[in-house]
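Here's the structure, in structure tokens; my notes come after.
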Amino acid sequence: MVGVFRRSLSFPNKNQNRPSAKPHISHHIRSISLPCRSHPLISEIKDEINQLTRWTSTSKSNAQTSTSLSQGLTLLKDTHETLQHILNLPQTLETLRSHPLWVEKLLEDFLRFVDAYGMFQTSIMALKEQHSSAQMAIRKRDHSKVVACVKAKKKISNQMENLVSLLRCVNVIQHQQHCTMQLPSSVVDAELRHVIADVMSFTVSVSVALFNGIALSFASHRLSWARIFKLSSNGGRVNKEREGIKELRQLDRVEMESLCNLKKKGDQEVRLLLKNMRDLEEFISGIESVTEKVFRALINSRVALLNILTLTH
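Just add 149 to wherever you are in the sequence shown, counting from 1, and you've got my numbering.
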């Protein structure tokens, strides 16, 4: 009996060691499963989306400036670059394979984005050429060629309005509804669909801020309230974006005022006018540079989606 009793004592001693091993195993399992639940790139793009949310809120309550616009476009470019990396993940292919119709809709809307930025680049290049010609005309006091530049600005204003109309065709609400219409198959599925819908939404909002800003800055200074509402209304509310881009609007106004009676201007006045025009040209070049990067990022995002569609067929 004593021997048995001793064996019964030794048995619990072995059990006491087992609980200490279980937490170690459990902890080890959790460390392996975490990346499967949420990829680091998802966290990264969520941070970028949060920054775009703050940028959008600020741009609606404050006058748009060249600095804030460049920040928004740069954030948009960075977000699309992160999206490209996400679209190249194997788990992304597995998720989007079950949503072929949505992928096709995404491709259609990405084509609208690419077309809009392609046309924007063409318009900006034409404006720069007209602007350079106008500077030469001012030195020669050639009023007729200066008028051509003024007309070019009005033309680009109309073109920007057309680009806004093109982007309004992107059904952001439909992309957001897709996130809730079908139950997600996994956490990865749910997160992926939501971030893609958010990227589509912010691509529209940042791009509209750009195109509207230039349209309003170059438009006639006697805009009707009806046209202002058309250009800058957001859910029935006219916001600060109706004022255009602060520096661009100011430079354009000074330039327009200085062009009056050009032949009567003195040398000092002409030099000041040319300086303002160089400042305006520098601003246009800066916008051209950052939008070129966004344009390339949009193309690459669409190519990544095309690759997914090809692999799912």
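Glycine is no exception: its CB is placed at the ideal position from the N, C-alpha and C atoms.
Values in this document were obtained by computation on a predicted structure and should not be read as measured data.
What are the residues that DSSP puts in a beta bridge with Q213? Q213 pairs with I394.
Local Cβ density within 10 Å of V353, reported as buried at 16 or more and exposed below that: By the neighbour-count criterion, in which a residue is buried when 16 or more other Cβ atoms sit within 10 angstroms of its Cβ, V353 is buried.
Could you check where the alpha helix (DSSP H) with D258 kicks off and where it finishes? Residues 249–288.
May I have the straight-line CA-CA distance separating S373 from L222, to the nearest angstrom? Low local confidence applies: a pLDDT of 44 at S373 is under 50, so the model's placement there is unreliable, with the coordinate-based value given in what follows. Rounded to the nearest angstrom, the two C-alpha atoms are 29 Å apart.
Can you tell me whether C328 is buried or exposed? The criterion is at least 16 other CB atoms within 10 Å of its CB, across all chains shown. Burial call: buried.
L256 to I433, Cα distance in whole Å? Distance between the alpha carbons of L256 and I433: 30 Å.
Grouping DSSP H, G and I as helix and E and B as strand, with all else coil, what is C328? Here C328 sits in helix by DSSP.
How long is the line joining the alpha carbons of E390 and V357, rounded to whole angstroms? Since pLDDT at E390 reaches only 48, below the 50 mark, its modelled position is unreliable, and no value is offered.
What three-state label does DSSP hand R414 in the structure shown? Note on identity: in this sequence residue 414 is Lys, with Arg being the wrong assignment. In the three-state scheme derived from DSSP, where H, G and I count as helix and E and B as strand, K414 is classed as coil.
I want to see whether chain E comes within less than 9 Å of W251, judged by CB atoms only; does it? No chain E is part of this structure, which consists of one protein chain only.
Between the region 239–258 and the region 273–291, are three or more C-beta pairs nearer than 8 Å? No, the region 239–258 does not touch the region 273–291.
Neighbourhood of L460 by C-beta, 7 Å cutoff - its chain only, sequence neighbours within 5 removed: Cβ within range, chain order: L242.
Please work out which residues of its chain come closer than 7 Å, Cβ to Cβ, to L447, disregarding the five sequence neighbours upstream and downstream, and give them in chain order. Within its own chain, the residues whose Cβ lies closer than 7 Å to the Cβ of L447, once the five positions on either side in sequence are excluded, are H229, F259, F262, V263, Y266, listed in chain order.
Use the C-beta contact count for K412: other C-beta atoms within 10 angstroms, 16 or more gives buried, fewer gives exposed. With fewer than 16 other Cβ atoms within 10 Å, it is exposed.
Could you work out which residue in L316, L454, S293, A297 is closest to S350 when comparing CA atoms only? Taking only the C-alpha atoms, the option nearest S350 is L316.
For G393 and M285, the rounded distance between their alpha carbons: Rounded to whole angstroms, the separation of the alpha carbons of G393 and M285 is 27 Å.
Taking the alpha helix (DSSP H) that V295 falls in, what are its first and last residues? Unbroken alpha helix (DSSP H) run through V295: 292–316.
Going by C-alpha to C-alpha distance, which of I235, T244, I198 sits closest to P189? It is I235.
Alpha carbons only, please: which of R290, L232, S210, K442 is nearest the one belonging to D347? It is L232 whose Cα lies nearest to the Cα of D347.
Where does V319 sit, in a helix, a strand or coil, going by DSSP? Collapsing the DSSP output to three states places V319 in coil.
In angstroms, rounded to a whole number, what distance separates the CA positions of I287 and I194? Straight-line Cα distance between these residues: approximately 48 Å.
For I363, which residues in the same chain have their Cβ closer than 6 Å to its Cβ, ignoring the five residues on either side in sequence? Around I363: M309.
DSSP on R420, reduced to helix/strand/coil? Helix at R420.
Using 10 angstroms around the beta-carbon of N361, count the other beta-carbons present and answer buried if the total reaches 16, otherwise exposed. Note on N361: 16 or more other CB atoms within 10 angstroms of its CB, so buried under the neighbour-count rule.
Under the three-state reduction of DSSP, which class applies to A368: helix, strand or coil? Three-state result, A368: coil.
Sequence-distant residues of its chain with Cβ nearer than 6 Å to S182 (five each side left out): Summary for S182: the model assigns pLDDT 33, below 50, so the residue's position carries little reliability, and this model does not support an answer.
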